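Protein chains in written order, with my numbering: chain X, 1 to 356; chain L, 1001 to 1072. All residues carry an ideal CB built from backbone N, CA and C; glycine is no exception. Please read these numbers as outputs of a predicted model, since none were measured by experiment. Structure, as structure tokens:
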Amino acid sequence: MRAKLDNISIVGVSAAVSNKWTPLLSFQDEDLDEKTIKKFSKQTGVIGRYDAGERQTSADLCYSAAKELITSKNIDVHEIGVVILVTQTPDYKSPSSACVIQGRLGLDDSCLAFDINLGCSGYTNSIMVAGSLLKSVVDKPLALLLCGDTCAKGRAGYYNSKTSNASKMLLGDCGTATLLRVSPEECKILAASYTRGTEFNKIISPYLGFRHPVIKDDGKGEDRMDDIEVFNFATTEAPKVIQEVMASAGATPDDYDCLVLHQANLMIMKRIAKLTGFSEDKLLVSIDEFANTASATIPTTLVKKYGETNQHKALRCLMCGYGVGLSWSAVDCLVNEDDIIPLVHTDEYFDDGYYE
Amino acid sequence: MTEQEKIALLEETLDAEEGSLKADMELTEVEEYDSMAKLSIIVMMEDEFGKKLSADDVRAFKTVGDILKWME
């Protein structure tokens, strides 16, 4: 489906990580030599990643990103009417972590809050959800979109280049916040979204839900990805949806300041850029420092590139997320460079009263 | 492209040493043939030969020669 959101703009972007950055080379041991790690880094682009603290969750990282954004942009929290958290690693089975964050941020009770379970397509898809909701809200002009995952956390798995059990080396922990505002100025967000549920098992964590509550130990690991199928999917469908959005905007790669792709791995990203006619200098990269952080990668990439710069310049961005679902989407939007704030480092976590 | 040129291109794609690959080698013996190498082969095959390999095509590769046969 295709969407057009008139008078909705992105007015703030932030990202938060822990203080602990782990280089992949530190995983060297008797089963994993330096040469293998360096080769993995060259191919995927990952040099290291941030690890959330033992008690630090996706919701904590998103909360910290949101709090800093609200403070630095001097936002009146009473104006926020929607809070959406996109995560595959929520705090609880219930309630939605977005509800807890609404309370922690001191937002009005007059606020709609819920979680969305999406991965790598989560940011671009949820811009559509948050923007559409915001258009129908009559008394509050702001929506807070939070995207975060702690994909690296608890992954005790090893890396074996033959079986591609790469979650230990490919994934990272990060939380982000994006503010959307109803804008009187002429502006629009264009988007397109796709889902192919028949391919649900190409990327899947099948256990610990209600269908398979117990992990079956068949040696294949808890998280599964058919990497060749996924590579072919990503390098076929992402270029198509990018071209579709460009066509609906009547635009070409020259019209954009940057191509912000989900940071899946560098080989996929370069392939998508090449197939859509974007030069590599427009392809933004953050996977080196942050690894693949699922729905958090797109805003995190903006923060890495523009967080420290303060130009008052509207950047025209073409964003594309693709992955688990299978699900993929692209968004054409403007983001002001000075609305993207510097990276937040925090070890803060929420003591919810359930620790011993 | 001669057989030698194909082998050289495959060695370059796999980041393998020059002269290390032979057509009759089992891929299980090729140290560099890992999951990322398979993706590099897919890219090379499309860029150089205009062929799109499916996951099943890649799974069917048993020897270096099986890959060379596609390189036309």
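Bridge partners for X/W21 per DSSP, in chain order?
X/Y50
Candidates X/Y63, X/G103 and X/I215: closest to X/L146 by CA position
X/Y63
Using a Cβ-Cβ cut-off of 8 Å (strictly less than) and excluding sequence neighbours within five positions of L/K1062, which residues of its own chain qualify?
E1026 and L1027
Report the residues of the segment 19-46 of chain X with a CB closer than 9 Å to any CB of chain L, ordered along the chain.
T36, K39, F40, K42, Q43 and T44
Looking at the C-beta of L/I1067, does it have a partner C-beta in chain X at a distance below 8 Å?
no
I need the boundaries of the alpha helix (DSSP H) containing X/N357, first residue and last residue.
With chain X covering 1 to 356 only, the question about residue 357 of chain X has no answer from this structure.
Using alpha carbons as the reference points, say which of X/L24, X/Q28, X/E30 and X/K39 lies closest to L/E1031.
X/K39
X/L283 versus X/Y355 - alpha carbon distance:
43 Å
What separation, rounded to the nearest whole angstrom, lies between the Cα atoms of X/L343 and X/K304?
7 Å
Write down the C-beta distance between X/V100 and X/D91 rounded to the nearest angstrom, noting that I regard them as a contact closer than 8 Å.
7 Å
Which first and last residues belong to the alpha helix (DSSP H) in which X/K4 is found?
Unbroken run through X/K4 is the beta strand (DSSP E), R2 to D6; no alpha helix (DSSP H).
Using the three-state DSSP reduction, which class does X/T150 fall into: helix, strand or coil?
strand
Return the Cβ separation of X/S295 and X/Y50 in integer angstroms, given the expectation that the two are a contact with Cβ distance under 8 Å.
Between X/Y50 and X/S295 the Cβ distance is about 16 Å, and since that is not below 8 Å, they are no contact.
What are the partner residues of L/E1026, as DSSP defines its beta bridges?
L/T1063
Could you check whether X/L208 and X/A177 sit closer than 8 Å to each other, using their CB atoms as the reference points?
no
CB contact below 8 Å: X/E229 versus chain L
yes
Unbroken alpha helix (DSSP H) run spanning X/L179, endpoints:
Premise fails: X/L179 lies in the beta strand (DSSP E), D173 to V182, not in any alpha helix (DSSP H).
Note down, in chain order, every chain X residue with its Cβ under 9 Å from the Cβ of L/S1054.
I228, E229 and N232
Using a Cβ-Cβ cut-off of 8 Å, state whether X/M267 counts as contacting chain L.
yes
Chain X within 8 Å of L/D1024, Cβ atoms only:
no
In three-state DSSP terms, what is X/D347?
coil
Any idea which residues DSSP pairs X/A16 with across the strands?
X/G175 and X/V344
Spatial neighbours of X/N19 in its chain, beta-carbon cut-off 7 Å, leaving aside the 5 residues before and after:
H345 and D347
Using the three-state DSSP reduction, which class does X/G197 fall into: helix, strand or coil?
helix
Give the single residue among X/A247, X/A273, X/A264 and X/G250 whose Cα lies nearest to the Cα of X/C258.
X/A273
By DSSP, does X/F114 sit in helix, in strand, or in coil?
strand
Could you give the DSSP three-state label for X/C99: helix, strand or coil?
helix
Quick check: the segment 52-68 of chain X against the segment 126-140 of chain X, are there 3 or more CB pairs under 8 Å?
no
How would you call X/T163, buried or exposed, if buried means at least 16 neighbouring beta carbons within 10 angstroms?
Model confidence at X/T163 stands at a pLDDT of 47, short of 50, so the residue's coordinates are unreliable; what they give is reported in the following sentence. X/T163 is exposed by the Cβ-count criterion.
So the beta strand (DSSP E) X/I80 belongs to, where does it begin and stop?
I80 to V86
Between L/S1020 and chain X, is the shortest Cβ-Cβ distance under 8 Å, so that the two count as touching?
no
Taking the beta strand (DSSP E) that X/L69 falls in, what are its first and last residues?
No beta strand (DSSP E) holds X/L69; the alpha helix (DSSP H) holding it covers S58 to S72.
Within 8 Å, strictly: CB atoms of X/E237 and X/Y194
yes
Going along the chain, which residues of its own chain have a beta-carbon closer than 8 Å to the beta-carbon of X/N265, five neighbours each way excluded?
Q43, T44, G45, V46, L170, I287 and N292
Using a C-beta to C-beta distance shorter than 7 Å, which residues of chain X count as neighbours of L/K1038?
I228
With contact counted as at least three CB pairs below 8 Å, one residue from each stretch, are the segment 23-33 of chain X and the segment 98-115 of chain X in contact?
no
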